[in-house]
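Engineer: The sequence shown begins at 0 in numbering that gives the first Met the number 0 and counts up by one.
Questions regarding the structure given below will be posed in turn.
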Amino acid sequence: MKAVQFLTFLLLCLSFQAYSQLSPSSQTRLIAVTIDDAPHNGPIGSLVELALMTKKFTETLKSQKIPAVVFVNEGQLYYSADDIEEKIAILRSWIGSGIELGNHTFGHVGLKDTPLEAYQDDFIRGEVVSRRIASESKTPLRYFRHPFLQMGPTRDIEELFEAFLAKRAYRSVPITLTTEDWMFLPAYQKAKDATEKKRISDDYLSFAEADVAYREKAANRMFGRPIPHILLVHANAVTADNLTRLIEMYQSRGYKFISVEEALKDPAYANPEKYSPTSDWLRGWSISKAIQFDPPQPPEYIRAAATSQ
Ligand SMILES: [Zn+2]
Numbered sequence: 000m001k002a003v004q005f006l007t008f009l010l011l012c013l014s015f016q017a018y019s020q021l022s023p024s025s026q027t028r029l030i031a032v033t034i035d036d037a038p039h040n041g042p043i044g045s046l047v048e049l050a051l052m053t054k055k056f057t058e059t060l061k062s063q064k065i066p067a068v069v070f071v072n073e074g075q076l077y078y079s080a081d082d083i084e085e086k087i088a089i090l091r092s093w094i095g096s097g098i099e100l101g102n103h104t105f106g107h108v109g110l111k112d113t114p115l116e117a118y119q120d121d122f123i124r125g126e127v128v129s130r131r132i133a134s135e136s137k138t139p140l141r142y143f144r145h146p147f148l149q150m151g152p153t154r155d156i157e158e159l160f161e162a163f164l165a166k167r168a169y170r171s172v173p174i175t176l177t178t179e180d181w182m183f184l185p186a187y188q189k190a191k192d193a194t195e196k197k198r199i200s201d202d203y204l205s206f207a208e209a210d211v212a213y214r215e216k217a218a219n220r221m222f223g224r225p226i227p228h229i230l231l232v233h234a235n236a237v238t239a240d241n242l243t244r245l246i247e248m249y250q251s252r253g254y255k256f257i258s259v260e261e262a263l264k265d266p267a268y269a270n271p272e273k274y275s276p277t278s279d280w281l282r283g284w285s286i287s288k289a290i291q292f293d294p295p296q297p298p299e300y301i302r303a304a305a306t307s308q
């Protein structure tokens, strides 16, 4: 009997060891989703198009139970006096699908060229509506994304701003993966037919995969291990129309979707020793560690269409 108990114990130990080796921290690739420039990135023709684009995001994320944070520029609510309530309803629909709102400043201003006090004022103006509708639905408002990924021009300025954020129970959220969808958008919106849209979509997905492949290796070089990634996409048609395929691409590489809160717990999101004014986190760490970092760029015709805007 004792031998049987010992054998059972031994088997338990062996299976625990096997489990530990397969535990999420060492084996699973993790990714959190963030969406910038809500209600919309780039030009949106009509409220109907805006509602449709938003619905593609919210329904896909909700049905796949993918947590996300959407960063808002409240200045967009007032572009036209006629549809303020409709745009607020769009923001509510994100919350209604379980997606948290975040602050992305009122007017999408960059900290590189904006004095800190003016930047902080823009932050405060940028949370008025979000604060109200988040509290109505008892969801938190706790994340900030620097527009243009521009952090303070010096470490001192950034530290003052981070203290300002902390006082208001916010935390800034850097990014590690991108799809450069804002750059693909002009060509996508100008596409003359479905065939051209399909070609741009295919190039978009190929680029997103090249970006993640490069940045996985870069993270391994910097941290000696995989890190939980934070993806940046924008509230625009090119990502909305391709979101299912984009999610499938990450899943095919072994990714599981986690919350921003969970991703930020990783020590990789501590500040690098040497300061760089960017929330493109791997770029900042590469400069601090003097490691080459040269991620892929979208195709030439995409960059040309984006710069001729
Ligand atoms: Zn932005």
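For each residue, glycine too, the CB sits at the ideal point set by N, CA and C.
Every value quoted in this text rests on a predicted model; they were computed, and no experiment measured them.
Tyr249 by DSSP, collapsed to three states: which one?
Structural biologist: helix
Engineer: Label Lys137 either buried or exposed according to how many other C-beta atoms from any shown protein chain fall within 10 Å of its C-beta, with 16 as the threshold for buried.
Structural biologist: Burial call: exposed.
Engineer: Leaving aside the five residues before and after Gly95 along the sequence, list all residues of the same chain whose C-beta is less than 8 Å from its C-beta, in chain order.
Structural biologist: Hits under 8 Å: Thr57 and Ser136.
Engineer: Quick one: measure Cβ to Cβ for Val172 and Arg144, integer angstroms, because I've assumed they're closer than 8 Å.
Structural biologist: 6 Å
Engineer: Nearest-angstrom Cα distance between Ala234 and Lys54?
Structural biologist: 11 Å
Engineer: Identify, in the order they occur along the chain, each residue of the same chain with its Cβ nearer than 8 Å to the Cβ of Tyr312, setting aside the five sequence neighbours on each side.
Structural biologist: Outside the shown range of the chain (0 to 308) lies residue 312, about which nothing can therefore be said.
Engineer: What distance in whole Å lies between the Cβ atoms of Leu100 and Ile310, which are believed to be in contact at a cut-off of 8 Å?
Structural biologist: Any property of residue 310 remains undetermined from this structure, which presents the chain solely from 0 to 308.
Engineer: Measuring from the CB of Pro146, is there a heavy atom of ligand 1 at a distance below 7 Å?
Structural biologist: yes
Engineer: Heavy atom of ligand 1 less than 7 Å from the Cβ of His107, yes or no?
Structural biologist: yes
Engineer: For the beta strand (DSSP E) that Asp120 lies in, which residues bound it at each end?
Structural biologist: Note, Asp120: premise wrong, no beta strand (DSSP E); alpha helix (DSSP H) at Leu115 to Arg124.
Engineer: Please work out which residues of its chain come closer than 6 Å, Cβ to Cβ, to Leu230, disregarding the five sequence neighbours upstream and downstream, and give them in chain order.
Structural biologist: Around Leu230: Ile30, Val32 and Leu176.
Engineer: What number of angstroms, rounded off, separates the C-alpha of Phe122 from the C-alpha of Asn102?
Structural biologist: 7 Å
Engineer: Between Val47 and Ala67, what straight-line distance do the alpha-carbon atoms span, to the nearest angstrom?
Structural biologist: 23 Å
Engineer: With hydrogens ignored, establish whether the beta-carbon of Asp180 is closer than 7 Å to any heavy atom of ligand 1.
Structural biologist: no
Engineer: Given 7 Å as the limit, tell me if His228 has its C-beta closer than that to any heavy atom belonging to ligand 1.
Structural biologist: Not so, every heavy atom of ligand 1 lies at least 7 Å from the Cβ.
Engineer: Taking Ser129 as the reference, which of Phe147, Gly74 and Glu116 has the closest Cα?
Structural biologist: The alpha carbon of Ser129 has as its nearest neighbour, out of Phe147, Gly74 and Glu116, the alpha carbon of Gly74.
Engineer: Does DSSP put Arg131 in a helix, a strand or coil?
Structural biologist: Arg131 sits in a helix when the DSSP states are folded into three classes.
Engineer: Which of the three DSSP states, helix, strand or coil, is assigned to Tyr300?
Structural biologist: Tyr300 falls in the helix class under three-state DSSP.
Engineer: Thinking just about the alpha-carbon of each residue, which of Ala236, Glu260 and Thr27 is nearest to the one in Asp36?
Structural biologist: Ala236
Engineer: Indicate whether Met221 and Trp284 have their beta-carbon atoms separated by less than 8 Å.
Structural biologist: Cβ distance < 8 Å, so Met221 and Trp284 count as in contact.
Engineer: Bridge partners for Ala67 per DSSP, in chain order?
Structural biologist: Val32
Engineer: So the candidates are Tyr142, Arg244 and Glu116; which of them puts its Cα closest to the Cα of Ile156?
Structural biologist: Glu116
Engineer: Where does the unbroken alpha helix (DSSP H) through Phe256 begin, and where does it stop?
Structural biologist: First-last for Phe256: Tyr254 to Ile257, but that is the beta strand (DSSP E), not the alpha helix (DSSP H).
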